[in-house]
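Protein chains in written order, with my numbering: chain A, 37 to 261; chain B, 873 to 951. Just so it is clear, CB atoms sit at the ideal spot from N, CA and C, and this is done for glycine as well.
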Amino acid sequence: MTAKIGVITFPGTLDDQDAARAVKYAGAEAVSLWHADADLRGVDAVIVPGGFSYGDYLRCGAIARFAPVMGPVIEAAAKGMPILGICNGFQILCEAGLLPGALVRNSELHFVCRDQWLRVENTTTAWSTRYDQGAEILIPLKSGEGGYVAEPNTLAELEGEGRVVFRYAGANPNGSLNEIAGITDARGRVVGLMPHPEHAIDALTGPSDDGLGMFLSAIDALVKA
Amino acid sequence: MARVVVDVMPKPEILDPQGQAVAKALPRLGFAGVTEVRQGKRFELEVDDSVDDETLTKIAADLLANTVIEDFTVRRIDA
């Protein structure tokens with residue numbers, strides 16, 4: 037059985053094609069999901085890709101959260117379906133309440149676009165089992181509102197439960213609290229991160245192939261299930 | 873019909889780099905004495921009389937503000 041991984045396209049999404057390519061590259065079938073879809077077309081996992089859904093009007097992800105397709109995504113997440121939110125997708129998952137906290141304007145105000153080193157700190161989630169604990173990976177970061185914030189209690193809970201999956205290595209690019217680049221939900225099935233693993237799946241087109249591990253991890257999780 | 877104003881501001885403990893940038897620009901323009909600027913959003917809603925205060929609060933909390941990072945106030949303005 038080939039795992040089917042859905043990739044959602046909202047009006048204003050940019051990185052759905054690269055995300056679908058990464059899914060195929062990893063060996064799964066990529067299924068296009070449209071923001072107006074009422075169901076998930078039988079997929080086993082979902083990627084909410086990056087971009088500027090609905091023009092980032094109101095707040096990043098604030099409108100996308102109410103798109104018809106998000107209803108079944110939230111239901112599927114409750115049943116443990118692996119969900120990955122990348123960049124704007126991370127913002128959408130936070131707005132939807134699938135992940136705690138929020139993303140705010142970068143502390144230096146500039147849009148940051150560069151290859152970024154991350155440290156992998158949780159290798160038990162559906163999207164990170166292919167990495168070694170403490171491994172440093174190089175993945176593009178491109179965002180203007182990537183500063184992760186959460187209330188002190190939430191932050192303590194994330195740290196205490198080991199739910200920080202990726203942390204920025206070296207200088208903090210955007211003012212994220214505790215240098216947080218990516219987090220997971222309590223069950224380790226929903227993961228969100230600001231950097232873009234789908235842009236780092238082949239040294240020909242990215243800074244490394246370090247991002248491929250996330251897609252391979254999800255396929256492992258689905259095959260085991 | 874009534875006009876309702878919802879003001880949304882970043883919570884005090886949330887860094888507001890946009891407000892800070894405005895504050896830093898003021899001395900360069902020759903305006904002295906402004907020690908802090910915080911930047912938020914103002915929404916103006918035209919609502920009919922069937923919309924009660926509880927609903928307005930829900931509108932603000934569920935959509936207009938993200939209460940993880942923002943506080944809001946709702947007030948009706950007499951026409």
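At a beta-carbon threshold of 8 Å, the residues of chain B lying near glutamate 187 of chain A are Val940, ordered along the chain. Under the DSSP assignment, isoleucine 44 of chain A falls in the beta strand (DSSP E) whose first and last residues are 40–45. For asparagine 124 of chain A, the CB contacts under 7 Å within the same chain, skipping 5 residues up- and downstream, are Gly86, Gly87, Phe88, Ser89, Cys96 and Gly97 in chain order. Beyond the five residues adjoining it in sequence on each side, proline 243 of chain A comes within less than 7 Å, by CB distance, of Asp151, Leu174, Pro176 and Ala236 in the same chain, given in chain order. DSSP lists A:Gly42 and A:Ile119 as the beta-bridge partner residues of valine 82 of chain A. Annotation: Cβ neighbours of isoleucine 886 of chain B in chain A (cutoff 7 Å, chain order): Val140 and Val185. Between the C-alpha atoms of alanine 937 of chain B and aspartate 221 of chain A there is a straight-line separation of about 23 Å.
Your pair arginine 875 of chain B and glutamate 918 of chain B checks out as a contact, with CB atoms roughly 6 Å apart and the cut at 8 Å. Contacts with chain A at 9 Å (Cβ-Cβ) do not include alanine 932 of chain B. Taking C-beta atoms as the reference points, isoleucine 83 of chain A and isoleucine 41 of chain A count as a pair closer than 9 Å.
DSSP, read as helix, strand or coil, puts leucine 258 of chain A in helix. Beta-bridge pairing by DSSP links lysine 178 of chain A to A:Cys149.
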